[in-house]
Amino acid sequence: MTKEEITLHLFSLQDTAYRDFQVKLIPSVAADSVIGVRTPLLRSFAKELCKTGGGGVNDFISSLPHKYFDEKQLHAFLISGQKDFENCISLLEQFLPFIDNWATCDQLSPKIFKKNHEKLLPYIEKWLKSTETYTIRFAIGMLMQHFLDEDFNPLFLEKVSQIRSEEYYVNMMIAWYFATALAKQHESAVSYIEQKKLAPWTHNKAIQKSIESYRITPEQKEYLRGLKVKL
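So for the sequence shown, my numbering puts the first residue at 121; every next one is plus one.
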């Protein structure tokens with residue numbers, strides 16, 4: 121399948137009602153760039169392309185920036201399905217600077233990372249220092265996904281707490297990260313809320329998301345409510 125055929129196939133999977141729904145959810149993406157392919161179909165198509173491979177797939181991956189939002193989503197799923205860590209990282213680093221929306225950023229979740237935490241961590245630390253909104257968001261997301269359980273280190277909380285940004289989608293991910301940390305590593309994370317180490321808006325948003333979580337006890341929620349700050 122050629123690069124052009126891949127795009128044509130995406131149009132064959134178009135759902136216009138779903139397209140109109142997506143446009144409302146992703147304000148940073150131009151409406152005329154959304155084809156409207158449902159996520160399960162994109163995932164299935166990506167798996168098919170990963171199996172068949174070929175020059176057309178390579179051409180598609182290298183043809184950056186993509187014109188359509190759905191092409192970006194497909195690209196994210198293709199990277200997520202890579203089975204070689206080094207190749208996955210190479211493709212990821214080529215793609216990250218071209219991500220321009222939260223949905224594509226959050227769809228990126230390479231399975232190979234689960235078994236390569238030690239190799240992954242230096243890249244996360246590099247991405248955290250990026251000036252690109254969605255590279256930073258992706259880095260925080262990877263810390264949240266892979267380093268809040270058995271490989272947790274309190275230093276990760278410190279690194280994320282030090283990030284200051286004017287970008288809504290960075291600050292929302294910081295809040296999401298700390299809300300998840302409050303659920304999984306409460307004793308370590310709550311001190312950052314107590315000491316107000318986050319920017320005020322992000323601080324309150326992290327508390328809000330924690331209070332909405334079923335993983336936080338009623339007693340913890342009540343305590344967190346009392347730690348909100350006036351903006």
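Positions of the beta carbon are idealized from the N, C-alpha and C atoms, including for glycine.
Separation of residue j from residue i, as counted between CA atoms
i: E287; j: P147; result: 14 Å
i: K203; j: C170; result: 10 Å
i: K123; j: A137; result: 26 Å
i: Y254; j: P338; result: 33 Å
i: F197; j: G261; result: 16 Å
i: N291; j: K316; result: 15 Å
i: N236; j: F267; result: 12 Å
i: L228; j: D190; result: 13 Å
i: D271; j: A301; result: 13 Å
i: E332; j: V310; result: 16 Å
i: G156; j: E168; result: 19 Å
i: A151; j: S183; result: 21 Å
i: L277; j: A303; result: 13 Å
i: G346; j: Y312; result: 14 Å
i: S210; j: L263; result: 19 Å
i: I336; j: P274; result: 19 Å
i: K279; j: D135; result: 41 Å
i: H195; j: Y343; result: 43 Å
i: L212; j: Q340; result: 38 Å
Identity of the residue in the options nearest residue i by Cα
i: T251; options: R284, S164, L277; result: R284
i: S153; options: P185, K167, F165, D269; result: P185
i: F258; options: D190, C225, L241; result: C225
i: F141; options: L241, K249, T159; result: T159
i: E206; options: K239, A223, I181, L128; result: K239
i: F218; options: Q193, K234, F233; result: Q193
i: L216; options: I256, F276, Y289; result: I256
i: Q214; options: I199, E307, N221; result: I199
i: D220; options: L130, Y289, H306; result: Y289
i: K249; options: I327, L275, Q282; result: Q282
i: Y188; options: R139, L318, F233, I209; result: R139
i: W222; options: V143, L128, H306, A319; result: V143
i: A319; options: P230, K350, L212, S330; result: K350
i: I181; options: F233, T127, Q134, L133; result: T127
i: I348; options: I336, I327, K341; result: Checking the sequence shown, residue 348 turns out to be Lys, not Ile. The option with the nearest alpha carbon to K348 is I327.
i: D179; options: C208, E125, S330; result: E125
i: K329; options: F131, A299, E314; result: A299
For residue i, the first and last residue of its enclosing alpha helix (DSSP H)
i: A301; result: 288-304
i: N178; result: 175-182
i: G261; result: 253-266
i: L198; result: 189-200
i: F233; result: It is not in any alpha helix (DSSP H) - F233 carries neither H nor E in the DSSP assignment.
i: P274; result: 274-281
i: N324; result: 320-331
i: V143; result: 136-145
i: N221; result: Note, N221: premise wrong, no alpha helix (DSSP H); not H, not E.
i: Q214; result: 205-215
i: E339; result: 338-345
i: K171; result: 159-172
i: T127; result: 123-132
Closer than 7 Å: residue i CB and nearest the ligand COA heavy atom
i: H306; result: Only the bare structure without any ligand can be found here, which leaves the ligand COA out of the picture.
| query | Touch check for the segment 165-178 and the segment 134-147: three-plus C-beta pairs under 8 Å? | reply | no
| message | Under 8 Å, with one C-beta from each stretch per pair, do the segment 320-330 and the segment 288-305 reach the 3-pair mark? | response | yes
| query | Is there contact here, the segment 241-255 with the segment 160-167, by at least three beta-carbon pairs under 8 Å? | reply | no
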